[in-house]
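In the UniProt record's numbering, the protein residues as written are 1 to 156.
No residue lacks a Cβ here, since even glycine has one placed at the ideal position from N, Cα and C.
Below is one structure, written out as structure tokens; comments come after it.
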Amino acid sequence: MHINGPINSGKSTVGAALAALLPAARFIDGDDHDAPSHLPYTEQWALALARLTRLIAQAQERYLVIAYPLEQDSYEQILAACRQRGARLRVVTLAPTLTAAQSDRGGRILTDWERQRIAQMYLEGYAARPFSDLVLDTSATDAQASACLIAQWLAR
Numbered sequence: 001m002h003i004n005g006p007i008n009s010g011k012s013t014v015g016a017a018l019a020a021l022l023p024a025a026r027f028i029d030g031d032d033h034d035a036p037s038h039l040p041y042t043e044q045w046a047l048a049l050a051r052l053t054r055l056i057a058q059a060q061e062r063y064l065v066i067a068y069p070l071e072q073d074s075y076e077q078i079l080a081a082c083r084q085r086g087a088r089l090r091v092v093t094l095a096p097t098l099t100a101a102q103s104d105r106g107g108r109i110l111t112d113w114e115r116q117r118i119a120q121m122y123l124e125g126y127a128a129r130p131f132s133d134l135v136l137d138t139s140a141t142d143a144q145a146s147a148c149l150i151a152q153w154l155a156r
């Protein structure tokens with residue numbers, strides 16, 4: 001299970017809540033990549049993706065819930081890693097309104113750079129990826145409610 005979406009859409013909080021609802025699940029926050037902060041963002045993102053594909057290959061859990069924004073090429077790498085281990089990939093894209101995503105919510109205070117990056121991510125389509133199996137507007141729901149909706153969807 002991959003939780004996709006722009007910055008401040010709720011990927012980490014919803015992902016952790018979802019993993020707590022699923023049997024034998026592990027939550028992986030893609031932002032916890034330990035890449036040196038002095039590297040350019042593109043290099044940090046490449047290291048994060050390499051870490052995620054490695055963790056998928058090594059996973060023993062029944063469910064992996066990964067929170068990280070996906071572009072087409074990173075989706076294809078995650079999909080290949082899942083296929084290599086015989087796992088099914090489901091992508092849930094969290095898509096609050098742009099106004100909600102750019103607001104300070106869930107205890108998070110956004111920087112000016114984050115607000116600008118969120119707008120850019122919406123323009124780049126992070127909130128509406130064609131490979132999404134489910135798109136969920138998280139503007140008016142908290143992490144637990146969103147996780148419950150995703151778990152119900154998975155059970156169908």
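With 16 other CB atoms within 10 Å as the buried threshold, where does residue i fall?
i          : result
residue 37 : exposed
residue 69 : buried
residue 99 : exposed
residue 23 : exposed
residue 52 : buried
For the candidate residues the options, whose alpha-carbon lies nearest to that of residue i?
i           : options          : result
residue 116 : 108, 102 and 129 : 102
residue 135 : 92, 33 and 83    : 92
residue 157 : 33, 64 and 30    : Residue 157 falls outside the range modelled here, since the chain spans only 1 to 156, and no answer is possible.
residue 156 : 133, 140 and 141 : 133
On the DSSP letters alone, give me the boundaries of the beta strand (DSSP E) that residue i sits inside.
i          : result
residue 63 : 63-67
Counting along the chain, where does the alpha helix (DSSP H) carrying residue i start and finish?
i           : result
residue 78  : 72-84
residue 132 : From DSSP, residue 132 is part of no alpha helix (DSSP H); its letter is neither H nor E.
Is the stretch 72-83 touching the stretch 106-114, taking contact as three or more C-beta pairs under 8 Å?
-> Contact between the stretch 72-83 and the stretch 106-114 is not established, with fewer than three Cβ pairs separated by less than 8 Å.
How do the stretch 30-47 and the stretch 78-94 stand: do at least 3 beta-carbon pairs fall below 8 Å, yes or no?
-> no
Whole runs of the alpha helix (DSSP H) within the stretch 90-115, excluding any shorter than 4 residues | 98-101
In chain order, each alpha helix (DSSP H) run of at least 4 residues that lies wholly inside the stretch 6-71 = 11-21 and 41-58
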